[in-house]
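The numbering of the sequence shown is our numbering, which starts it at 115 and goes up by one.
Note that CB positions come from ideal geometry on N, CA and C, so glycine has one too.
Below is one structure, written out as structure tokens, with a few remarks after it.
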Amino acid sequence: MTGSQTKPTWGLALAGLVVTITALAQPFQAPPSPPDLPPVPPGIQPVTPPLAPPPALPSPAPVVSPRVPAPVIQPRPFHFPVQGTPHLSWDSDAKAYQAKPGEPTAHFAFALTNISSAEVVVNRVTTSCGCTVARLPAQPWRLAPGASGQIDVTVDLRGKWGVLQKLITVDTSDGYKVLHVSIRVPTGSAPAAVLMADRMRNQQLARADRQAVFRNDCARCHAQPTVGKTGAALFQAACAICHESAHRATMVPDLHALTQATDREFWRFWITAGKPGTLMPAFAAAQGGPLTELQINSLLDYLTTTFLPRRAAVSARVPVPSALPPVPVGAAP
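Printed below as a string of structure tokens:
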């Protein structure tokens, strides 16, 4: 390559470099800003467009379980056993005896005859307390047509005085029969101080533990006689022994002279749970008593038909609503 050909090429390159350096030396000019927006008229607030809510997620389909109706339990009405034995003839259904001073026991015999043309079975016999014992010739005792026999009853008189009332319930295939015995025991049969000491000791034990009457020796009179009984016979065995006793404690009320209203729930509450601080025990088996739920229901049936509900007595110490003074004007009640 000749020298005349390279001069123009180097000259062009040098001229371009000078232009580039000159352009870089010029100050930087920012691009023009956009024109200002017109001012917002007074009284108008800018509105921000709401954001669209996210689309709702589909809810899961509810799980439907087959509806199973609850079983309807109908309470079974309690039917009292037929009272009376039309196919049995008795010499008496009540007997009395005058005990002699110091006599330890009293004996009775009730004769009966099957006057029907079919066999009658005496299933069992129970008494109202543990000091009364009734004996059958056999158990079960089968009486053929025209057959006769007797039921022997013995009452323990030791430590007792006054008039004693005892019940004997005879359960047969012909129904049931309630026999009564009454014994008058002279007060001189035992020293009054000894009898009173026994009585006070028993009451102290019952106050300390109401359920004590269902244990040990006390169970002979307060628990064992209730076994298998229902209705009226159960009342005599469980309730009358205290509430209808001629020598009941002053804190034991007379059920025939109650002043408060009574109904089925009233009786159920006191029979089931008793009353703390008194001699009234809890009779329900779940609370340490001798009675099943079936027995309690039969007792409620008997009480609600025998001891009719009474209107609660109004105490003289409690003012009736009409006697209350009016509330002063402006005073909050």
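State the Cα-Cα distance for the pair F383 and Y416, rounded to the nearest angstrom. Indexing the sequence shown from 1 puts residue 383 at position 269. Indexing the sequence shown from 1 puts residue 416 at position 302. Going by the C-alpha atoms only, they are around 15 Å apart.
Under the rule that 16 or more other beta-carbon atoms within 10 Å means buried, what is L422, buried or exposed? By one-based count along the sequence shown, residue 422 stands at place 308. Exposed: under 16 other Cβ atoms inside 10 Å.
What is the DSSP secondary structure of V327, counted as helix, strand or coil? Working through the sequence shown from its first residue, we reach residue 327 at position 213. If DSSP states are grouped into helix, strand and coil, V327 belongs with the helices.
Look up T344 in the DSSP assignment and say whether it is helix, strand or coil. As a position in the sequence shown, residue 344 is number 230, starting the count at 1. Coil, per DSSP.
Between the CA atoms of A225 and A426 - distance to the nearest angstrom: Looking up residue 426 in the sequence shown gives position 312. Looking up residue 225 in the sequence shown gives position 111. The predicted model places A426 with a pLDDT of 41, which falls under 50 and marks its position as unreliable, so this point remains unresolved.
Integer-rounded CB distance, given that G244 should sit under 8 Å from C335: As a first step, residue 335 must be located in the sequence shown, where it is residue number 221. As a first step, residue 244 must be located in the sequence shown, where it is residue number 130. With 8 Å as the limit, C335 and G244 qualify as a contact, their Cβ atoms being about 4 Å apart.
Can you find the residues in the same chain that come closer than 7 Å, C-beta to C-beta, to Q338, ignoring five residues on each side of it along the sequence? Residue 338 sits at position 224 when you count from the first residue of the sequence shown. The answer, listed in chain order, is G244.
For T283, does the count of other Cβ atoms within 10 angstroms reach 16, so buried, or fall short, so exposed? By 1-based counting over the sequence shown, the position of residue 283 is 169. T283 should be labelled buried.
Three-state secondary structure (DSSP) at T376? Locating residue 376 in the sequence shown gives position 262, where the first residue counts as 1. Correct three-state label for T376: coil.
Have a look at G263 and A326 and give me their C-alpha separation to the nearest angstrom. One-based indexing of the sequence shown puts residue 263 at position 149. One-based indexing of the sequence shown puts residue 326 at position 212. Going from the Cα of G263 to the Cα of A326 covers about 39 Å.
Provide the residue(s) that pair with V299 in DSSP beta bridges, ordered along the chain. Here residue 299 is taken as the residue at index 185 of the sequence shown, counted from 1. Answer is G276.
So, with DSSP's three-state summary, where would you put D207? Taking the first residue of the sequence shown as position 1, residue 207 is located at position 93. Correct three-state label for D207: coil.
Which residue comes first and which comes last in the alpha helix (DSSP H) that contains L408? To locate residue 408, count along the sequence shown from 1; it is residue 294. Segment 407-420, the alpha helix (DSSP H) holding L408.
Determine the direct distance from the alpha carbon of A252 to that of L281, and round the result to whole angstroms. Within the sequence shown, residue 281 is the residue found at index 167, counting from 1. Within the sequence shown, residue 252 is the residue found at index 138, counting from 1. Each residue's Cα considered, the two are about 20 Å apart.
What number of angstroms, rounded off, separates the C-alpha of F380 from the C-alpha of K291? In the sequence shown, residue 380 corresponds to position 266, counting from 1. In the sequence shown, residue 291 corresponds to position 177, counting from 1. For F380 and K291, the distance between alpha carbons rounds to 29 Å.
Three-state secondary structure (DSSP) of T219: Residue 219 sits at position 105 when you count from the first residue of the sequence shown. Strand, per DSSP.
Can you give the Cα-Cα distance for G345 and Y211, rounded to whole angstroms? Counted from its first residue, the sequence shown places residue 345 at position 231. Counted from its first residue, the sequence shown places residue 211 at position 97. One C-alpha to the other measures close to 28 Å.
Would you decide whether Q374 is buried or exposed? Buried here means 16 or more other CB atoms lie within 10 Å of its CB. Here residue 374 is taken as the residue at index 260 of the sequence shown, counted from 1. The residue in question, Q374, is exposed, as its Cβ has fewer than 16 Cβ neighbours within 10 Å.
Would you list the one or two residues that DSSP bridges to R249? Sequence index remark: in the sequence shown, residue 249 carries index 135 (1-based). Partner(s): D266.
Using CA atoms only, rank isn't needed, just tell me which of L257, P300, Q279 is closest to K214. Position 100 of the sequence shown holds residue 214. Taking only the C-alpha atoms, the option nearest K214 is P300.
Let me check understanding here. Comparing Cα to Cα, which of S296, L250, D323 lies closest to V269? Working through the sequence shown from its first residue, we reach residue 269 at position 155. Measuring from the Cα of V269, the nearest candidate turns out to be S296.
Rounded straight-line distance, which links the Cα of G402 to that of Q409: As a position in the sequence shown, residue 409 is number 295, starting the count at 1. As a position in the sequence shown, residue 402 is number 288, starting the count at 1. Rounded to whole angstroms, Q409 to G402 spans 15 Å at the Cα level.
Please tell me whether V235 and R256 are closer than 8 Å, where the distance is taken between their beta carbons. The residue you call residue 235 lines up with position 121 of the sequence shown. The residue you call residue 256 lines up with position 142 of the sequence shown. In this structure, R256 lies closer than 8 Å to V235 by Cβ.
Using three-state DSSP, classify H294 as helix, strand or coil. As a position in the sequence shown, residue 294 is number 180, starting the count at 1. H294 falls in the strand class under three-state DSSP.
Environment of H370 [buried if 16+ CB atoms lie within 10 Å]: Against the sequence shown, residue 370 aligns to sequence position 256. Label assigned to H370: exposed.
By Cβ distance below 6 Å, which residues in the same chain neighbour N237 in space, the five residues on each side in sequence not counted? Within the sequence shown, numbered from 1, the residue matching residue 237 stands at position 123. P254, D285.
If we ignore side chains and look at the alpha-carbon of each, how far apart do L413 and L393 end up? Numbered from its first residue, the sequence shown carries residue 413 at position 299. Numbered from its first residue, the sequence shown carries residue 393 at position 279. Cα to Cα, L413 sits roughly 19 Å from L393.
Would you report the Cα separation of P191 and K343, rounded to the nearest angstrom? Reading the sequence shown from its first residue, position 77 is the one you call residue 191. Reading the sequence shown from its first residue, position 229 is the one you call residue 343. The pLDDT assigned to P191 is 47, lower than 50, so where the model puts this residue is not dependable; a value taken from the coordinates is nonetheless given after this. Near 17 Å, if we compare the C-alpha coordinates of K343 and P191.
Identify, in the order they occur along the chain, each residue of the same chain with its Cβ nearer than 8 Å to the Cβ of L250, setting aside the five sequence neighbours on each side. On the sequence shown, position 136 is the one that residue 250 refers to. V236, R238, V239, I265.
Taking S242 as the reference, give the member of H294, S231, L202, I229 with the closest Cα. Locating residue 242 in the sequence shown gives position 128, counting from the first residue. Here the closest residue by C-alpha is H294.
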